[in-house]
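This report refers to the structure that appears directly beneath it.
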Amino acid sequence: METKTAVTLLAALAQDTRLAIYRLLVQQGPEGLAVGQIGERLAVANATLSFHLKELSHAGLILARQEGRFIYYSANYEQMNGLLGFLTENCCRGEACTPASSISPCDGACQ
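Residue numbers (the UniProt record's numbering): 1 to 111.
Next up, the structure:
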């Protein structure tokens, strides 16, 4: 992943409502949620929700699919994993990271 792409993804997540939407969709798995369900669960007005879904979709963080008259959104796990890989590719001085605790993913190599 290029730095410019990572910055775009991080910028899309750097807002409270968008981050909440994204985290909700990650938790839901590949099936995602209908737009109405997202709005209900997060108590977000339709116009506001539409704006934030557009921003996340434009960044490539979420995917939309139409089923009948409903639009379902789900997290784009490939994009998420690419961003996580970009953020951690130089972690632990080039050594493989192994989770040793909930605090440090580097098994002490980063300390």
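Backbone N, C-alpha and C define an ideal beta-carbon position, used for all residues, glycine too. Here the structure is a predicted model, which is why all the values come from computation and not from measurement.
Unbroken alpha helix (DSSP H) run spanning residue i, endpoints
| i | result |
| --- | --- |
| L84 | Y77 to T88 |
| E2 | E2 -> no alpha helix (DSSP H), and no H or E assigned at all. |
| Q15 | Careful: Q15 lies outside any alpha helix (DSSP H) and carries neither H nor E. |
Proximal residues to residue i (C-beta, below 6 Å), its chain only, five neighbours per side dropped
| i | result |
| --- | --- |
| V26 | A75 |
Nonlocal neighbours in the same chain, by C-beta distance under 8 Å from residue i, ignoring five residues either side
| i | result |
| --- | --- |
| R18 | A12, H52, E55 and L56 |
For residue i, the nearest candidate out of the options (CA to CA)
| i | options | result |
| --- | --- | --- |
| L42 | T88, E78 and I21 | I21 |
| E31 | H58, I71 and G82 | I71 |
| A6 | Q28, V44 and L87 | L87 |
| M1 | E89, L24 and E95 | E89 |
Outcome for residue i when other beta-carbon atoms lying within 10 angstroms are tallied against a minimum of 16
| i | result |
| --- | --- |
| L33 | buried |
| A59 | buried |
Per-residue DSSP class, three states only, for residue i
| i | result |
| --- | --- |
| E40 | helix |
| A45 | coil |
Endpoints, the beta strand (DSSP E) within which residue i is located
| i | result |
| --- | --- |
| L61 | It is not in any beta strand (DSSP E) - L61 carries neither H nor E in the DSSP assignment. |
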